[in-house]
Ligand code: SAM
Ligand code: SF4
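This is the structure in structure tokens:
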């Protein structure tokens, strides 16, 4: 148990099909969101009491929350490996401030290099802004810059090698993520998943690859190009689930602690905080929740229970 994913908002400036419905989302009220001081307090308990070594800020889209660098500065002071996952659309405006606040590395989501497919997936015509955001992250000195690409059969699986070429040319690592049943539109089925093994085979046929190392608790399996031009990652959460070695927990924007992306039970840490609870109370609530963590998510099996929240509400 060493990696904390903190969602700072359920809102977003895009509407990716695999994450949010086109419309009809009811946003959390501002007073429901954890404040940056509250987030910092929970994160500090995780670091000081339980030895967490990594914190990732996510959402919804974290960059739509005001004054994000203020939170980055607070969390950077905890001395863990701090990272941020963003859709990149507004990074040109923010990358320098995030870097100055103490962010060192970043993951940017990009699901297509083709404007029409980007629009179809995200329901927003923002490819130029995201590509510029990637450049802005590199210009600001964030390193590594990694790209997250969710592949969906029949939508963007024809771009696998194009993504590899893009990553090699820009000096960024592309991580291919299997589509998981956390889409608000309920469009997921096993047939929509592009297996990680297929990605490695497709890229390896053009740019020969070799495995980097045994993965440990990290979700991505890594492969390096034999010609030394960088590497790719494959997150095969569906076809090769890594639940057994998972050390991640999540905090939703309204302060719900989740011990698994797919859990159907949450612990309300905001209630502990706002009723005057101590750090001991927070720690006790966290231990109790983690004690109920199950062995695996069971996607594709008859006993799989789909969470009633979409990825944007949980925090990816
Ligand atoms: N808005 C930011 C972004 O898009 O990077 C951060 C939040 S987003 C929920 C975090 C990550 O979850 C993104 O890389 C996104 O592609 C991924 N994601 C969202 N829905 C998913 C799904 N159903 N299956 C797999 N990955 C998903
Ligand atoms: Fe927004 Fe990220 Fe979800 Fe896309 S994946 S809708 S950018 S939160």
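Residue numbers (the numbering used here): 872 to 1187.
Beta carbons are placed, not taken as given, at the ideal position from N, Cα and C, and that holds for glycine.
For residue 1074 and residue 1041, believed in contact at Cβ under 8 Å, the rounded distance: The C-beta separation of residue 1041 from residue 1074 comes to about 16 Å, leaving the pair out of contact by the 8 Å criterion.
Close Cβ partners of residue 1087 (< 7 Å) along its chain, the five nearest in sequence each way excluded: 1116, listed in sequence order.
Going by Cα to Cα distance, which pick from 976, 1021 and 1025 is closest to residue 1012? If you compare the alpha carbons of 976, 1021 and 1025 with that of residue 1012, the shortest gap goes to 976.
If we count Cβ pairs, one from each stretch, closer than 8 Å, do we get three or more for the region 876-887 versus the region 1112-1131? These segments touch.
Let me make sure I understand the geometry here. Which of 944, 997 and 982 has the alpha-carbon closest to that of residue 963? Of 944, 997 and 982, the smallest CA-CA separation from residue 963 is found for 997.
Rounded to whole angstroms, what's the CA-CA distance from residue 952 to residue 1028? Just pull it up for me. If you draw a straight line from the Cα of residue 952 to the Cα of residue 1028, it comes to about 32 Å.
Let's test the definition: count the other Cβ atoms within 10 Å of the Cβ of residue 1017 and tell me whether it reaches 16, buried, or not, exposed. Counting of Cβ neighbours within 10 angstroms places residue 1017 among the buried residues, the total reaching 16 or more.
With a threshold of 8 Å, are at least 3 pairs of Cβ atoms found where one atom belongs to the region 955-971 and the other to the region 980-991? Verdict: yes, contact present.
If you measure from the CB of residue 1021, is any heavy atom of the ligand SAM nearer than 7 Å? Yes, since a heavy atom of the ligand SAM falls inside the 7 Å radius drawn around the Cβ of residue 1021.
Tell me the start and end of each unbroken alpha helix (DSSP H) in the region 1004-1042 that is at least 4 residues and wholly inside, in chain order. Taking 4 residues as the minimum length, the alpha helix (DSSP H) runs contained wholly in the region 1004-1042 are 1031-1041, in order along the chain.
Which first and last residues belong to the beta strand (DSSP E) in which residue 903 is found? From DSSP, residue 903 is part of no beta strand (DSSP E); its letter is neither H nor E.
Among 1121, 1132 and 1151, which has the Cα closest to the Cα of residue 1112? For the residues 1121, 1132 and 1151, the minimum Cα distance to residue 1112 belongs to 1132.
Beta-carbon proximity of residue 995 to residue 886, cut-off 8 Å: Against a cut-off of 8 Å, the Cβ pair of residue 886 and residue 995 comes out as a contact.
Cβ atoms of residue 1121 and residue 1129: under 8 Å apart, would you say? In this structure, residue 1129 places its C-beta atom within 8 Å of the C-beta atom of residue 1121.
Given that a residue counts as buried once 16 or more other Cβ atoms are within 10 Å of its Cβ, and exposed if not, what is residue 1134? That one is buried.
Quick check on this structure: which residue in 970, 1046 and 874 has the alpha carbon closest to the alpha carbon of residue 1014? Of 970, 1046 and 874, the smallest CA-CA separation from residue 1014 is found for 970.
What do you reckon, are the CB atoms on residue 1095 and residue 1083 nearer than 8 Å? It is a contact, given that the beta carbons lie within the stated cut-off.
As a quick exercise: from 1158, 1049 and 945, pick the residue whose alpha carbon is nearest that of residue 1105. Among 1158, 1049 and 945, the Cα nearest to that of residue 1105 is on 1049.
Express the C-alpha separation of residue 1023 and residue 1053 in angstroms, rounding to a whole number. Residue 1053 and residue 1023: Cα-Cα distance of roughly 13 Å.
State buried or exposed for residue 901, treating a residue as buried only when at least 16 other CB atoms are found within 10 Å of its CB. Around the beta carbon of residue 901, a 10 Å sphere encloses fewer than 16 other beta carbons of the protein chains shown; the residue is thus reported as exposed.
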